[in-house]
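Comments concern the structure below.
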Amino acid sequence: MKELPKFSDLPHVGQTGERNAWEVFGRGDQLGTVNLLGADQVKQAALLVRTGKVINLNLPLNYPTTLYDMPARSGYKHHIEVSRAGRDDYLDNFAMQGSTQWDSLRHIRFREFGYYGGRLDQDLDQKHELGIEHWPRHGIIGRGILLDVERYLKERGSLPSMTEKLSIGGDLLEEIAQAERIDFRAGDILLLRTGWMAWYKALDANSREKLRGTLHPDPDGLRCPGLDAEQVTAAWIRTLTKNMSWALSIGPFMGSSG
């Protein structure tokens, strides 16, 4: 594997001051940092198994739908058909913006500069590029690294309420990694535990209902912990990131950052 460039060596996108890694793996790449997960990383991860205990990281399909207040994201409807021959079922209104999910490289466009690799709408619509199907075809298997933000802050008496905005930046992540004595390797899959989902699951139905429609950037929107969108944090992140919260980004999210 070739040596990856430093964040400070990545080219800027136009005159925006924002950097991009669109050509690190070649102009035609559709995987991004999933390229870092090769056969060696899979074998090294397999050697770490000690007990064989399985931990399910998938949320129920109806979590946390109360954050949305729109028909298309109001929660799925599960229909079960029963006959003498057996049973069958199907789903209605199965929105993708809930539960445990990955956003593909075609999810967010950077203004007039396009999607990952500078691709434009016709590349996605006509050539079907940057679809999430490319990741499972390659496989996402490797060594997982858990940075427990909640535990770290709680032990130091500085854990804010889960209804407060907490900006998790590169400096804090580095502190936690050092406290956990983490030695990062290329291809590590980074998991962040903020504690927000455990807090949400402990709420009663009425408390969850009060959160309905709060997922927006206005001053009265949802406030929660999450990664900030500053370049110093982007520089710290080395690989894939998976998060145990409603999403990876902080709430309320600010369009002026990143």
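According to my numbering, the stretch in the sequence shown is residues -16 to 241, in order.
Where is the CB? At the ideal position from N, CA and C, for every residue including glycine.
This structure is a prediction, so every number in the text was calculated from the model and none was measured.
- For K60, there is no enclosing alpha helix (DSSP H); the residue is found in the beta strand (DSSP E) stretching over 60 to 66.
- Remark: C-beta atoms of D75 and Y59 approach each other more closely than 8 Å.
- The closest CA to that of L(-13), considering only N189, G170, G209, is found on G170.
- Within 10 angstroms of the beta-carbon of Y73 lie fewer than 16 other beta-carbons, which makes it exposed.
- The C-beta separation of R89 from Q27 comes to about 30 Å, leaving the pair out of contact by the 8 Å criterion.
- Counting C-beta pairs with one atom in each stretch, the region 35 to 52 and the region 134 to 153 have fewer than three that are closer than 8 Å, which means they do not touch.
- Where D131 is concerned, the enclosing beta strand (DSSP E) starts and stops at 127 to 131.
- For the 8 Å CB-CB criterion, F167 and I115 do not form a contact.
- A Cβ-Cβ distance of about 18 Å is found for the pair L20 and I165, leaving them out of contact under the 8 Å criterion.
- Considering only P119, K193, C207, L175, the residue with the shortest C-alpha distance to V17 is P119.
- Boundaries of the beta strand (DSSP E) around G69: 69 to 75.
- With a contact defined as Cβ atoms closer than 8 Å, V(-4) and F96 qualify at about 5 Å.
- L130 counts as buried, since no fewer than 16 other beta carbons sit within 10 angstroms of its beta carbon.
- Just measuring C-alpha positions, the residue of Q(-2), V132, D86 sitting nearest G152 is V132.
- G11 is classed as exposed because its beta carbon has fewer than 16 other beta carbons within 10 Å across all chains shown.
- Within 10 angstroms of the beta-carbon of M53 lie fewer than 16 other beta-carbons, which makes it exposed.
- Uninterrupted beta strand (DSSP E) stretches at least 3 residues long and entirely within the region 76 to 133 occur at 127 to 131, given in chain order.
- DSSP, reduced to helix, strand and coil, places I159 within a helical segment of the structure shown.
- Of all alpha-carbon atoms in N39, G100, G9, R195, the one lying nearest the alpha-carbon of S57 is that of R195.
- The three-state secondary structure of S(-9), taken from DSSP, is helix.
- In this structure, the alpha-carbon of L44 lies about 22 Å from that of M145.
- Residue range 188 to 192 is occupied by the alpha helix (DSSP H) that includes S190.
- Taking H121 as reference, the option from E1, F(-10), T(-1), A22 with the minimal CA-CA separation is A22.
- In the three-state reduction of the DSSP assignment, P47 falls in the coil class.
- Counting other Cβ atoms within 10 Å of its Cβ, W85 stays below 16 and is therefore classed as exposed.
- Looking at the DSSP output, S144 bridges to nothing.
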